[in-house]
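Sequential numbering of the sequence shown, starting at 10, is according to my numbering. Ideal Cβ placement from N, Cα and C applies to all residues, glycine included. The structure presented is a predicted model; accordingly, all values stated were derived computationally and were not measured. Here is the structure we will look at.
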Amino acid sequence: MLIIERHCNLFVSAQGRAARLSDKGGSVHTGSSISMTAHRRRLEKAKGRLVTHDEVFEETHMKKLKDETKMTWVDSRAETTHDTFKRSLEEFIQNQPINDQGRPIQPPQEETVDMWIKAVGGVHKGIV
């Protein structure tokens, strides 16, 4: 049994090493093995409202510095992805007419999801 466990650990280690060395890079986040859906539910419960894709992304891709006062991105790709989405959202909102309260019309949910999918690089193996 020990030989099988060692072989599995070596395989997982080699798989992780290959992911980190790829052009796209490994997936770095602070959410451990908890699914994004579970993170979304927890965040919605804590905030008492529906949360956006970028809020969940911030929650799972930012970490506190040792002094506990500042947050930082876990890697530059996460920051770039978030900035790309925010820029797309801002451009969309700036091109919208003003509503009765004097605010720009917000994009529909489907449009926001499309912007998010483009920002993260599309769907890969059925996952965004």
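Own chain partners of residue i with C-beta closer than 6 Å, once the 5 adjacent residues on each side are dropped
{"i": "A87", "result": "H70"}
{"i": "T93", "result": "A128"}
{"i": "N108", "result": "I114"}
Nearest candidate by alpha-carbon position, reference residue i, set the options
{"i": "F66", "options": "I126, H91, D84", "result": "H91"}
{"i": "D63", "options": "I114, S42, H48", "result": "H48"}
{"i": "A55", "options": "S44, I136, E68", "result": "E68"}
{"i": "R101", "options": "T78, T121, S42, D109", "result": "Note on residue identity: the sequence assigns Phe, not Arg, to residue 101. Selected option, being the one with the closest Cα: T121."}
Same chain, Cβ closer than 7 Å to residue i, five either side skipped, listed in chain order
{"i": "W82", "result": "H70, M71, E88"}
{"i": "L105", "result": "One point to set straight first is that residue 105 is Gln, not Leu, in the sequence displayed. Counting only Cβ-Cβ distances below 7 Å, and skipping sequence neighbours, we find P113, I114."}
{"i": "V60", "result": "R49, L52, E53"}
Beta-bridge pairing of residue i - partner residues as DSSP gives them
{"i": "I136", "result": "H133"}
{"i": "T78", "result": "According to DSSP, which records beta bridges pairwise, T78 is partnered with nothing at all."}
{"i": "K72", "result": "T81"}
Same chain, Cβ closer than 8 Å to residue i, five either side skipped, listed in chain order
{"i": "G135", "result": "none"}
{"i": "T79", "result": "Strictly speaking, residue 79 in this sequence is Lys, with Thr absent from that position. Once the five neighbours on either side are set aside, the close Cβ partners of K79 are K73."}
Within-8 Å CB hit, residue i to chain B
{"i": "M45", "result": "Included in the structure is just one protein chain, with no chain B present."}
Cβ contact (3+ pairs, closer than 8 Å) linking the segment 125-136 and the segment 93-107:
With the cut-off at 8 Å, the segment 125-136 and the segment 93-107 touch.
What runs of the alpha helix (DSSP H), each 4 residues or longer, lie entirely inside the segment 85-123?
Qualifying alpha helix (DSSP H) stretches, in chain order: 85-103.
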